[in-house]
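Be aware that the sequence shown starts at 126, since it is given in the working numbering, and climbs by one per residue.
Heads up, the beta-carbon is just placed ideally off N, CA and C, and yes, glycines get one too.
All figures in this text were calculated on a predicted structure; none of them were measured in a lab.
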Amino acid sequence: MRHLYFFWTFIKQPPLGIVLVITAFMCALLGIEVDRDVIIFIKNNSQYFYTDIFRKITNAGDATFWLLLAAAGITFCAYIRSTQYLIAYHRQLKVYLLQLAFVTSAWLLSGVIHHIIKVVLGRYRPRYLFSENWYGVNPLNFNIAHNSFPSGHTQTIFAIAIGLTLLYPRLGIFLVPLAVLVGISRVVLIAHYPSDVLFGAYLGMATAILVKRHYFDKRNIF
126 MRHLYFFWTF
136 IKQPPLGIVL
146 VITAFMCALL
156 GIEVDRDVII
166 FIKNNSQYFY
176 TDIFRKITNA
186 GDATFWLLLA
196 AAGITFCAYI
206 RSTQYLIAYH
216 RQLKVYLLQL
226 AFVTSAWLLS
236 GVIHHIIKVV
246 LGRYRPRYLF
256 SENWYGVNPL
266 NFNIAHNSFP
276 SGHTQTIFAI
286 AIGLTLLYPR
296 LGIFLVPLAV
306 LVGISRVVLI
316 AHYPSDVLFG
326 AYLGMATAIL
336 VKRHYFDKRN
346 IF
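What follows is the structure in structure tokens.
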């Protein structure tokens, strides 16, 4: 009952709850009617989709890159604050440290949820449609490399883009289009189906908003 209450509480929170319902419905519809045809079309016409460019764009959703960057940033801010260097900037460095902690926690939490969904659902990646003619799900598949739903690159970049945009709204002009392009790249490169990308985007966005709303905002951290 506690889990049902939590779910109902989440659903009532505008606008994330209703968007979750709409997103889940659209993903189901795409999976039934659209995903397979889109991937087959892209596969048969890959020469028209600028795949070389999208291979570079997709790197912006690489979790390893962001993990190293976050670790370096947090380590630097924490180290400077523990020394006598730049004392005049210690207060501002604390703010930056908390902001890094927010964005990183939103991204990591959404990443954990993303992996749980991937294992539970076990949707085959698009490459298996062409190599094995497999399309559908294989629930409780712990081989993450085989699983497609949701897109991890998209979840990563949306959690980071929305997290940073909540802190610095003007950055959204650049970060949100970048996140969208990363999502598109996952489909163009036949790494994911459109519904994988759609739910990955929602997961990253919603987690960033919820972490800020229910942890950082309630404690007046920023």
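Proximity below 8 Å, CB of residue i to CB of residue j
i	j	result
Pro319	Val312	yes
Gln172	Gly236	no
Ala203	Gly288	no
Leu306	Ile165	no
Arg250	His278	no
Asn258	Gly247	no
Leu194	Thr332	no
Gly329	Ile298	no
Tyr327	Leu145	yes
Leu225	Ile205	no
Ser276	Asp321	yes
His239	Gly325	yes
Collapsed DSSP secondary structure at residue i in the structure displayed
i	result
Val159	coil
Tyr175	coil
Asn272	strand
Ile334	helix
Tyr249	strand
Asp321	helix
Outcome for residue i when other beta-carbon atoms lying within 10 angstroms are tallied against a minimum of 16
i	result
Val336	buried
Arg338	exposed
Ala197	exposed
Phe341	buried
Val245	exposed
Leu291	buried
Gly156	buried
Phe150	exposed
His128	Only weak support exists for where His128 lies, its pLDDT of 49 falling under 50; the value from the coordinates is given anyway. The residue is exposed, with fewer than 16 neighbouring Cβ atoms inside 10 Å.
Leu265	exposed
Assumed close pair residue i, residue j - CB separation to whole angstroms, cut-off 8 Å
i	j	result
Arg161	Leu218	No, Arg161 and Leu218 are not in contact; Cβ-Cβ is about 50 Å, not under 8 Å.
Leu296	Cys152	So it is not a contact: roughly 28 Å between Cβ atoms.
Phe190	Ile242	Their Cβ separation, rounded to whole angstroms, is 22 Å, which puts Phe190 and Ile242 out of contact at 8 Å.
Ala304	Ala316	No, Ala304 and Ala316 are not in contact; Cβ-Cβ is about 16 Å, not under 8 Å.
Ile334	Leu141	6 Å
Test: residue i CB closer than 8 Å to a CB of chain C
i	result
His339	Reference to chain C is not applicable here, since this structure consists of a single protein chain.
Opposing strand residues paired with residue i [DSSP bridges]
i	result
Val262	Arg248
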